[in-house]
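Notes for the one structure printed next.
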Amino acid sequence: MRELKELEKRIGYHFQNPELLEKALRHSSYANEHKMNRIECNERLEFLGDAVLELVSSEHLFAQFPQMPEGELTRLRASLVCEPTLAFCAREIELGSFLRLGKGEEMTGGRHRDSVTSDALESVIGAVYLDGGFANAKEFVLRYVLNDMEHKKLFFDSKTIFQEMVQGNIPGEISYHPLGESGPDHDKTFSVEVWIGEQCMGQGSGRTKKAAEQMAAYRAICRLKATDNKQKQ
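Position one of the sequence shown corresponds to residue 1 (the UniProt record's numbering), numbered consecutively onward.
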């Protein structure tokens with residue numbers, strides 16, 4: 001568990017009320033283990049941050065894509081604020097390493113679980129909003145969630161994009177192979193490998209089998225792109 005000042009430096013925002021950041025990083029398992037009131041965990045901030053995130057992302061996409069129909073805007077927004085993508089964003093700032101978790105959650109890999117880190121990211125958004133207002137919360141979302149949208153769209157649509165990259169270019173069929181699952185029944189983590197023919201191309205984990213396949217496909221895409229770049233050099 002790392003110091004909060006390090007996280008403030010990492011995200012480029014200094015909290016006037018550091019207790020808000022502490023609460024944003026306090027998982028319900030930690031609150032339960034320390035016999036704290038349920039409202040002292042990050043769930044309420046997550047609720048608020050989710051609403052702020054939806055407004056900021058809606059406003060941003062509305063302005064960025066003036067010719068895009070409502071249905072496509074809704075789908076794109078969903079891809080940018082879904083659990084796997086938010087967890088991806090959380091990993092970029094190493095948010096999991098700052099979380100306060102109960103011992104059981106820690107032992108079952110909660111610090112790296114998509115459901116935990118994505119919720120924590122929304123909690124931080126809520127905390128920034130309460131501490132510094134909408135402008136600062138919007139800046140945080142634009143910098144850490146809505147940045148590099150093409151990259152995040154690639155992540156969300158990874159299975160389709162991987163299929164398109166392979167078809168007609170690489171011999172062999174794409175197949176996904178489950179490696180196993182871990183965690184309690186209410187919050188399992190699934191692991192999957194993706195293969196082209198007899199070659200493993202990537203491995204991924206997620207809260208659902210679909211999310212695990214998505215991560216595996218994304219890593220396979222990154223591998224293909226890296227190989228292609230080397231061949232061009």
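Beta carbons are placed, not taken as given, at the ideal position from N, Cα and C, and that holds for glycine.
Since we're looking at a predicted model, the values are computed, not measured.
query, result
"As assigned by DSSP and simplified to three states, the class of Q163", "helix"
"Selection from L142, D119 and H112 that minimises the alpha carbon distance to F47", "D119"
"Cβ neighbour criterion (16 or more within 10 Å) applied to A63", "exposed"
"Limits of the unbroken alpha helix (DSSP H) element including C89", "E83 to E92"
"Residues near K23 in its chain [Cβ-Cβ closer than 8 Å; skip 5 each side]", "E40, C41, N42, L45, S123 and A127"
"Three-state class that DSSP yields for R38 in the structure shown", "helix"
"Buried/exposed call for D131, threshold 16 Cβ in 10 Å", "buried"
"For H34 and G202, the rounded distance between their alpha carbons", "40 Å"
"Where R143 falls, given that 16 or more other Cβ within 10 Å makes a residue buried", "exposed"
"Secondary structure of T74, DSSP reduced to three states", "helix"
"Cβ neighbours of H14 in the same chain (closer than 7 Å, five flanking residues each side left out)", "E8"
"DSSP three-state assignment for R113, whether helix, strand or coil", "coil"
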